[in-house]
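Residue numbering for the sequence shown follows our numbering, starting at 1209 and increasing by one per position.
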Amino acid sequence: MIIYDIEIKKAIQSNKEPRIPNIEYCDGWHDHKNMGISVIGVYDYIKDKYRIFQEDNFLTFADLISQSETIVTFNGIGFDKKLLQANNLNYPDEKDYDLLAEIWEAAGLSRHFQYPSHIGYGLGDICSINFGTDKSGSGGNAPVQWQQKRFGTVIDYCLNDIKLTKQLLDHIIKTGTIINPINEKKIRVKRPI
1209 MIIYDIEIKK AIQSNKEPRI PNIEYCDGWH DHKNMGISVI GVYDYIKDKY
1259 RIFQEDNFLT FADLISQSET IVTFNGIGFD KKLLQANNLN YPDEKDYDLL
1309 AEIWEAAGLS RHFQYPSHIG YGLGDICSIN FGTDKSGSGG NAPVQWQQKR
1359 FGTVIDYCLN DIKLTKQLLD HIIKTGTIIN PINEKKIRVK RPI
């Protein structure tokens, strides 16, 4: 079993902010083909090891996902997997365990994002209410930082998201429950194993 998270190269313009000079943008969150992949962070349960993949070792990542029985993400079905597919890195749907989709379903919501009912279930929101931990930044800032050659900052952010996802997954494996960040009630979440 592995957990992975992806950061992108091209920025996505917010409706509230002007474009930043000298920064490349893609055409929005749906433009998976043109986003580019800056870094893929992984936690490998078999080797008990955090790993980083970039263009020079994407084929090693492809080998890792082909060998893994369960591939865990947080919003992977809605984003990360689509980005991989757009970059010719793919794996069968039956390997997917998307923590966000499982949490939405446990909360009585659809497994696919719908506004506004699905707002408030971010990784930071869930980890904050359950463990007192939080994200180290924002995924929206990562492509800008990458283009500004702040590679260490982006890699650190990606690895922190992997660490939080692992914390959440380990808790679900152990207890089968989390506290819903919306109403602070305990909900039962399907385990991956």
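Glycine is no exception: its CB is placed at the ideal position from the N, C-alpha and C atoms.
- Straight through space, the alpha carbons of Arg1358 and Gly1236 are spaced by roughly 22 angstroms.
- Of the other Cβ atoms in all chains shown, fewer than 16 fall within 10 Å of the Cβ of Gln1275; this residue is therefore exposed.
- For Thr1281, the enclosing beta strand (DSSP E) covers residues Ile1279 to Thr1281.
- In this structure, the beta-carbon distance from Gly1284 to Asp1264 does not fall below 9 angstroms.
- Here Leu1292 is not near Ile1334, since their CB atoms are 9 angstroms or more apart.
- When C-alpha distances from Glu1310 are compared across Gly1384, Ile1228 and Ser1346, the shortest belongs to Gly1384.
- The beta-carbon distance between Asp1306 and Thr1341, rounded to whole angstroms, is 20 angstroms. This is too long to meet the 8 angstroms contact definition.
- The C-beta distance from Gly1249 to Ile1260 rounds to 6 angstroms, short enough to fall under 8 angstroms.
- In the pairwise beta carbon analysis, the region 1342 to 1356 is classified as not touching the region 1310 to 1321: fewer than three pairs are separated by under 8 angstroms.
- If you look at Asp1288, you'll find it isn't in any beta strand (DSSP E); DSSP assigns it neither H nor E.
- Residue pairing by DSSP puts Thr1385 in a beta bridge opposite Arg1396.
- Here the alpha carbons of Ile1370 and Pro1400 stand approximately 17 angstroms from one another.
- For Phe1261, the secondary structure class from DSSP, reduced to helix, strand or coil, is strand.
- DSSP places Gly1347 outside both helix and strand once states are collapsed to three, so it counts as coil.
- Your pair Phe1266 and Leu1297 checks out as a contact, with CB atoms roughly 7 angstroms apart and the cut at 8 angstroms.
- A direct Cα-Cα distance of roughly 17 angstroms separates Pro1300 from Asp1213.
- Ranked by how close their Cα comes to the Cα of Lys1218, the residues Met1209, Ile1386 and Lys1241 have Lys1241 in first place.
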